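As given, the protein sequences belong to chains A and B, one line each in that order. The first sequence lines up with residues 848 to 1081 when you count with the working numbering. The second sequence lines up with residues 5 to 273 when you count with the working numbering. Each remark here refers to the structure printed beneath this line.
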Amino acid sequence: MPQHDSAFATALALILDLDPALLGIVVLSLKVSLTAVLIAALLGLPLGAALALWRFPGRGVLVVVLNALMGLPPVVAGLAVYLLLSRAGPLGDLGLLFTPGAMVVAQLLLVLPIIAALTRQQVEELHLEYREQLRSLGLSRTRMIPTLLWDARLGLMTVVLAGFGRASAEVGAVMIVGGNIDGVTRVMTTAIVLETSKGNLPLALGLGIVLLGLVALVNAAAHLVGETARRRLG
Amino acid sequence: MRTGLTLATLGLMGLSMTAVAQDEAPYITLASTTSTENSGLFDAIIPQFREASGIAVRVVAVGTGQAFEIARRGDADSLLVHDTEGEERFVADGYASERADVMYNDFVIIGPAEDPAGIREAESVEQAFSRIAQAEAPFASRGDDSGTNRAELRLWDAAGIEPGGEWYRELGSGMGPTLNTAAGMDAYVMSDRATWVAFDNRQNLELLFEGDEALFNQYGSLRLSAETHPHLKHDLAAQWHDWLLSDEGQQAIAAFEVKGQQLFFPNAD
């Protein structure tokens, strides 16, 4: 398969050349996905923990809906955000459509359910385990949230990374709300789609290899932080 | 929860500001078609326009149907598409104030090198289409309501054929993906010449039929209506529109070549 060989060669050349256009695309990809994941974690971790601790009517429905939203097709999320941010839509005046901001919103919509739903499940299990202890300490449920999140941090790191994987891999949503504008909203995945549509398959696959390497780097960094923390805390 | 939301809002604002800081030049958003973007035309002419005017052009390249929709909702400042009938309707419906011919290229019929339907010797595109339908040879259609798709359907109509059945495959994809698929299943396909010439994954596909006047593919630039969408950058968009029609813009279009071949022929009045 000569095409595969040239894809690896292309990927290598892309990395070695440090092409400024590629660099811009890589930086934007990271910026958009990391911002989306950061906001999703800030909202989703406490939200998931709260959902694990409180009992209220309709909770079951909420849990099911949240779990189902983990399977939200990116193109549907993109369409919803497009209609929201379009000039004719309710938030049109913000002028966010076809900017990186719009892409963050779309990815947030995809990542938030994953982080919230998986956090809910992990914290719930932990809570069952330590319920008696926590109660004997006299902690209110609001005070329990940070304690439980901290105790579950290693598992939650994987949850956040799963969210990052979803954000950096999706193309359907950012294509619609970003528009794949050269130098403004073009990220790795939309660049891959563009090169595929030009029939430039080696370059498309080469970009795919670079993207995979990038995601691996982010995961390795997270793993390293986790390991260091584990060692330091014994 | 509250602090989370505040942080989220701050983060978004920060990001949209860095986005602005990236490119401080005034810009317009142009909705256009994949054929113009994929061929590399915009990469060639937009820098020249920017040089002359100081205005950057951000291209959102989609099918013509979607481009109209984006402009209809007020999400683009300018529109450059290839569906003259649709464009004229757009003006009549009050979404655009003016439409002008900019350039043309042509459609070509691509197919497997063995040419099982024998369209190489066809005398007209109608005859070529009839032979493909008669032979029930696989035909890959865009099926995405794009300008090319609309033109293809008009040609079937002119040939008196209602395409359908196992051999007629509606893909619902852009031009490039449709060519990729056609190459994979050895199907006939109608493409704009620009995308075909710039396309690299041809496999067994060859250009089999060209030159009929019915395959003429006119591109038009539209100035959007200031009454329907007062928030758009009409002044900047007008400069782009006028530049495309000017001698300078027309020469830039004519000078654009891929693999030594001129792909777009300027024909503004």
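All C-beta atoms in this analysis are idealised placements derived from N, C-alpha and C, irrespective of residue type, glycine included. For clarity, every value in this text was computed on a predicted model and none was experimentally measured.
Query                                                                                                                         : Result
A:Ala-888 to A:Glu-979 span [Cα, whole Å]                                                                                     : 28 Å
B:Ala-191, enclosing alpha helix (DSSP H) - first and last residue                                                            : Looking at the DSSP string, B:Ala-191 is not in any alpha helix (DSSP H), and its letter there is neither H nor E.
Candidates B:Asp-81, B:Asp-105, B:Arg-54, B:Glu-73: closest to B:Pro-270 by CA position                                       : B:Asp-105
Beta carbon of A:Thr-1036 nearer than 8 Å to that of A:Thr-946                                                                : no
Neighbouring residues, chain B, relative to A:Ser-933 (Cβ below 7 Å)                                                          : Arg-77, Asp-79
Cut-off 8 Å between Cβ atoms - residues of its own chain near A:Pro-904, not counting five sequence neighbours on either side : none
Residues that A:Phe-945 contacts on chain B, provided the C-beta gap is smaller than 8 Å                                      : Thr-33, Arg-62, Val-64, Asp-79
The segment 218-228 of chain B / the segment 79-90 of chain B touching (three or more Cβ pairs under 8 Å)                     : yes
Integer Cβ distance of B:Thr-38 from B:Val-63, believed to fall under 8 Å                                                     : Wrong, their Cβ atoms sit about 10 Å apart, outside the cutoff.
Burial state of A:Leu-1072 (16 or more Cβ within 10 Å)                                                                        : A small correction: the amino acid at residue 1072 of chain A is Val; Leu does not occupy that position in the sequence shown. Result: exposed.
Cβ-Cβ separation, A:Asn-1047 to B:Asp-204 (assumed contact under 8 Å), whole Å                                                : 5 Å
Near-chain A residues of the segment 101-120 of chain B (beta-carbon distance less than 9 Å), N- to C-terminal order          : none
Closer than 8 Å at the beta carbon, the chain A residues around B:Phe-203                                                     : Lys-1045, Gly-1046
8 Å contact criterion, which A:Ala-899 and A:Arg-967 should meet: CB distance rounded                                         : 5 Å
Interface partners of B:Leu-84 on chain A, CB under 8 Å                                                                       : By Cβ distance, chain A contributes nothing, its closest Cβ being about 14 Å from B:Leu-84, past 8 Å.
Nearest-angstrom Cα separation, counted from B:Ser-195 out to B:Phe-260                                                       : 19 Å
Secondary structure of B:Met-21, DSSP reduced to three states                                                                 : Confidence is the limiting factor: at B:Met-21 the pLDDT is only 46, short of 50, which leaves the residue's position unreliable, though a coordinate-based value still follows. Correct three-state label for B:Met-21: helix.
Cutoff 8 Å: B:Asn-184 Cβ touching any chain A Cβ                                                                              : yes
contact_flag[the segment 239-250 of chain B, the segment 112-124 of chain B] where n(CB pairs < 8 Å) is 3 or more             : no
Partners in chain A for B:Asn-153, counting only beta-carbon separations shorter than 7 Å                                     : What B:Asn-153 touches in chain A: nothing, since even the nearest Cβ is about 15 Å away.
A:Asp-940, buried or exposed, once every other Cβ within 10 Å from all chains shown has been counted against 16               : exposed
Against chain A: residues of the segment 237-259 of chain B by CB proximity under 9 Å                                         : none
Other residues of its chain near A:Ala-960: CB distance less than 6 Å, five sequence neighbours each side excluded            : Per the sequence presented here, residue 960 of chain A reads as Pro, with Ala not at that position. The residues are Leu-913, Leu-916, Met-917.
Short CB-CB distance (under 8 Å) between A:Met-848 and chain B                                                                : Because the pLDDT of A:Met-848 is 39, which lies under 50, any placement of that residue in the model is unreliable, and the question is left without a value.
From A:Ala-1014, A:Pro-893, A:Ala-963, residue whose alpha carbon lies closest to that of A:Leu-909                           : A:Ala-963
Straight-line Cα distance separating B:Leu-211 from A:Ala-1063                                                                : 43 Å
Exposure of A:Met-991, with buried meaning 16 or more beta-carbon neighbours within 10 Å                                      : buried
Per-residue DSSP class, three states only, for B:Gly-164                                                                      : coil
Rounded separation between B:Glu-252 and B:Gln-52 - CA only                                                                   : 9 Å
Beta-carbon proximity check, A:Leu-995 vs A:Ala-896, cutoff 8 Å                                                               : yes
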